[in-house]
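*Asks:* Below are the C-alpha cells for one structure; questions will follow.
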Amino acid sequence: MIKVLIVFGTRPEAIKMAPLVKAFQQREKEVETKVCVTAQHRQMLDQVLDFFAISPDYDLDLMRDKQSLHSITANVLMNIKPIVEEFKPDYVLVHGDTATSTAAALSAFYSGCKVVHIEAGLRTWNKYAPFPEEMNRQITGRLADLHMAPTCVAKGNLLKEGVNENTIFVSGNTVIDALLSSVNILKDDQTEEIKELGRHLNLEKEIILVTGHRRENFGQGFINICTALKMIAEKNPLLDIVYPVHLNPSVQEPVNRILANISNIKLISPLNYPAFVWLMERSKLIITDSGGVQEEAPSLGKPVLVMRDTTERPEAVDAGTVLLVGTDIEKIVNTTQKLLSDENFYQKMSNQKNPYGDGAASERIVNYILEKTQK
Ligand code: UD1
Ligand code: UDP
170 MIKVLIVFGT RPEAIKMAPL VKAFQQREKE VETKVCVTAQ HRQMLDQVLD
220 FFAISPDYDL DLMRDKQSLH SITANVLMNI KPIVEEFKPD YVLVHGDTAT
270 STAAALSAFY SGCKVVHIEA GLRTWNKYAP FPEEMNRQIT GRLADLHMAP
320 TCVAKGNLLK EGVNENTIFV SGNTVIDALL SSVNILKDDQ TEEIKELGRH
370 LNLEKEIILV TGHRRENFGQ GFINICTALK MIAEKNPLLD IVYPVHLNPS
420 VQEPVNRILA NISNIKLISP LNYPAFVWLM ERSKLIITDS GGVQEEAPSL
470 GKPVLVMRDT TERPEAVDAG TVLLVGTDIE KIVNTTQKLL SDENFYQKMS
520 NQKNPYGDGA ASERIVNYIL EKTQK
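Just so we're aligned, residue 170 is where the sequence shown starts under the working numbering, counting upward by one.
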C-alpha cells in the first residue's frame with residue numbers, strides 16, 4: 170500500500186487534478202490518497218470542488234485579498250510542512266506552474282518526500298513570460314522525482330535540461346479527461362447555472378467568449394485588450410462578447426472600468442466548469458490568455474486567439490487551431506474580423522484537433538506510479 174498526497178490550490182490546477190484524484194480513489198486497495206487544497210483561490214476553487222464532488226482532507230484556506238506572490242508562496246511552504254510530516258506520503262503530487270505547486274514541491278523536498286510533477290516540461294524559455302509561471306515550472310521540474318509530461322514536446326524540453334529519461338512519462342494532459350467527462354455529463358443534463366446562463370444570454374446571437382488574467386498583461390496589456398474588445402463590439406453589433414471576469418482585483422478594475430455599459434459586452438462572474446465548457450461549445454471563437462483554455466478549445470473545434478506573445482503550449486499553434494495575437498490592439502481586432510468574415514480561414518482554424526490528450530491521462534499516470542513503486 171503506497172500513500173500519495175495530491176496538492177492544488179487554484180481553479181486550473183483543481184480542474185486538471187480532479188480526474189487524477191478520482192483515478193487514485195478507484196485504486197483504494199493499492200493506494201491511500203489524501204487531498205490537500207491550499208485554497209490559493211477560494212471561490213474559484215470551491216466551484217471546481219463542488220462540481221467534481223471532492224472533499225479535501227486538508228484545506229489550508231490561504232487566499233487573502235490582493236495577496237502577493239511572496240506571501241502566498243511563503244504561506245504554502247510553511248503550511249504544507251506539518252501535513253507532509255504527519256501523513257508521510259510516498260509521493261506528493263503537484264501540478265503545473267502556480268505558487269502552490271512550486272512552494273508545495275519545495276516544502277515536500279525539504280521534508281524528505283518525493284515529488285511527482287503533473288503537466289511537466291512546458292517551456293517558453295522566457296523567464297518573464299508567462300510570469301512567474303515559467304520559472305515556477307522550471308523550479309518544480311528541478312525538484313521533481315517523476316515528471317508526467319503531457320506531450321512529446323514537453324518530454325523533449327525536459328531531456329534538453331538533462332532530466333533522466335527513465336523518470337519522464339508521456340501521459341497526455343488530464344485537462345482532456347476533465348473536459349470529456351464534462352461534455353459527457355452535459356449531454357444528459359444541464360446544471361442550474363447553465364439554465365440560468367441560457368436565460369441571461371441571448372442564445373440567438375453568435376458569441377465570442379473571452380477570458381484573461383495573466384500578470385504580464387496587467388497595466389497597458391489589459392488596457393489594450395479592453396480597447397480591442399470595445400472596437401470588436403462596435404464593429405459587430407449583431408454578436409455578443411461574453412467575458413467571465415477573473416476575480417483578481419488587477420483584472421476586475423480595468424475590465425469593469427473600460428467595458429461596463431457596452432450593450433453587447435456581457436461581463437459575468439467566473440462560471441463553474443460545466444457552464445464554461447457549455448459556453449465554449451456555443452461560441453463562434455475564443456479570445457483568451459489562459460493556458461487551460463488553449464488546451465480545451467481545440468478539442469471542441471473552436472478557433473482560439475491567444476493574447477500572449479509566446480506560449481508554452483506550441484502544439485495547437487502548430488496544428489493551426491491557435492494563433493498568437495499578443496496584446497496588440499490592431500492584431501486582436503483584425504484577426505477577429507478576419508475570422509468572422511473569411512469562411513475559409515475560419516474553417517481552417519476550427520478543425521477539431523486534440524494534441525493534448527485522449528481522456529485517459531489520469532489512468533495512465535496512476536498505473537505508471539503504481540508500477541514504478543512496485544518495481
Ligand atoms: C493564479 C496563478 C496563475 C494561474 C491563475 C489561474 C500563481 C503565481 N498564479 O493567478 O498561474 O494561471 O491563478 O486563474 O500561482 N481571487 C479571489 N477569489 C478567487 C481567486 C482569486 O478573490 O477565487 C483574488 C484575490 O484577491 C487574490 C487575487 O485574486 O489575492 C490573486 O490570486 P492569485 O492566485 O495570487 O493570482 P492569480 O492571478 O489568480
Ligand atoms: N474556466 C472556468 N470558468 C471560467 C473560466 C475558465 O471553469 O469562468 C476554466 C477553463 O475551462 C480552464 C480553466 O478554467 O479549464 C482555466 O483557468 P485559468 O484561465 O484561470 O488559468 P490558466 O489555465 O491560465 O492557468
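We put the CB at the ideal spot given by N, CA and C, even for glycine. Note that the structure is a prediction, hence the values are computed from the model and not measured.
1. For residue 228, list the residues DSSP reports as bridge partners.
2. Across the segment 378-388 and the segment 172-187, are there enough close Cβ pairs to call them in contact, namely three or more that are closer than 8 Å?
3. Provide the residue span of the alpha helix (DSSP H) that contains residue 380, from first to last.
4. Pull up the distance between the alpha-carbon of residue 239 and that of residue 275, whole angstroms please.
5. Among all the DSSP beta bridges, which residues are the ones paired with residue 413?
6. Between the segment 339-358 and the segment 184-197, do at least 3 Cβ pairs fall closer than 8 Å?
7. In three-state terms, what does DSSP make of residue 317?
8. Ligand 2 and residue 442: does the residue's C-beta get closer than 7 Å to at least one heavy atom of that ligand?
9. Can you list the alpha helix (DSSP H) stretches of 4 or more residues lying completely in the segment 430-477, in chain order?
10. Of the residues 418, 346, 265, which one's Cα is nearest the Cα of residue 288?
11. DSSP three-state call for residue 279: helix, strand or coil?
12. Answer yes or no: the CB of residue 380 versus the heavy atoms of ligand 2, is any distance below 7 Å?
13. Given the structure, does residue 238 come close to ligand 1, in the sense that its CB is under 7 Å from one of the ligand's heavy atoms?
14. Could you have a look at residue 235 and say whether DSSP puts it in helix, strand or coil?
15. Mind checking whether residue 363 and residue 447 have CB atoms under 8 Å apart?
16. Please identify the residue among 296, 174, 170 whose C-alpha is closest to the C-alpha of residue 479.
17. Near residue 340, which residues of its chain fall below 6 Å by C-beta distance, leaving aside the five closest residues on each side in sequence?
18. What is the DSSP secondary structure of residue 201, reduced to helix, strand or coil?
19. So, do the segment 467-485 and the segment 508-523 have three or more beta carbon pairs nearer to each other than 8 Å?
20. Does the segment 195-207 come close enough to the segment 247-266 that 3 or more CB-CB pairs lie under 8 Å?
21. So the candidates are 304, 308, 402, 394; which of them puts its Cα closest to the Cα of residue 501?
22. Looking at C-alpha atoms only, which residue of 405, 486, 259 is the closest neighbour of residue 453?
23. Using 8 Å as the threshold, is the C-beta distance between residue 285 and residue 313 below it?
24. List the whole-angstrom C-beta distance separating residue 249 from residue 268, where the pair is believed to meet the contact cut-off of C-beta under 8 Å.
*Replies:* On the basis of the coordinates in this document:
1. Indexing the sequence shown from 1 puts residue 228 at position 59. Per DSSP, 206.
2. no
3. What you label residue 380 is simply residue 211 of the sequence shown in a count that begins at 1. Not the alpha helix (DSSP H): residue 380 falls in the beta strand (DSSP E), residues 375-380.
4. One-based indexing of the sequence shown puts residue 239 at position 70. One-based indexing of the sequence shown puts residue 275 at position 106. Rounded to whole angstroms, residue 239 to residue 275 spans 14 Å at the Cα level.
5. Within the sequence shown, the letter at position 244 stands for residue 413. Its beta-bridge partners are 437.
6. yes
7. Your numbering for residue 317 matches position 148 in the sequence shown. Note: residue 317 maps to strand in three-state DSSP.
8. For the purposes of this step, residue 442 is taken as the residue at position 273 of the sequence shown. Answer for residue 442: yes, Cβ within range of ligand 2.
9. 442-451, 460-465
10. Taking the first residue of the sequence shown as 1, we reach residue 288 at position 119. Measuring from the Cα of residue 288, the nearest candidate turns out to be 265.
11. Residue 279 sits at position 110 when you count from the first residue of the sequence shown. Residue 279: helix per DSSP, three-state reduction.
12. In the sequence shown, the residue the question calls residue 380 occupies position 211. Checking every heavy atom of ligand 2 against the Cβ of residue 380, one is found closer than 7 Å.
13. The sequence position of residue 238 within the sequence shown is 69, counting from 1. Correct: residue 238 has its Cβ closer than 7 Å to ligand 1.
14. Start at 1 with the first residue of the sequence shown, and residue 235 comes out as number 66. Here residue 235 sits in coil by DSSP.
15. Looking up residue 363 in the sequence shown gives position 194. Looking up residue 447 in the sequence shown gives position 278. For residue 363 and residue 447, yes; Cβs fall inside 8 Å.
16. In the sequence shown, counting from the first residue as 1, residue 479 sits at position 310. Of 296, 174, 170, the residue nearest in Cα terms is 296.
17. Here the question's residue 340 lines up with position 171 in the sequence shown. Here the set comprises 317, 530, 533, 534.
18. Within the sequence shown, residue 201 is the residue found at index 32, counting from 1. DSSP places residue 201 in strand when its eight states are reduced to three.
19. yes
20. yes
21. In the sequence shown, the residue the question calls residue 501 occupies position 332. Residue 394 is the option with its Cα nearest to residue 501.
22. Counting from 1 along the sequence shown, the entry for residue 453 is found at position 284. Comparing Cα-Cα distances from residue 453 to each of 405, 486, 259, the minimum goes to 405.
23. Counting from 1 along the sequence shown, the entry for residue 285 is found at position 116. Counting from 1 along the sequence shown, the entry for residue 313 is found at position 144. For residue 285 and residue 313, yes; Cβs fall inside 8 Å.
24. In the sequence shown, residue 249 corresponds to position 80, counting from 1. In the sequence shown, residue 268 corresponds to position 99, counting from 1. With a Cβ gap of about 12 Å, residue 249 and residue 268 do not count as contacting.
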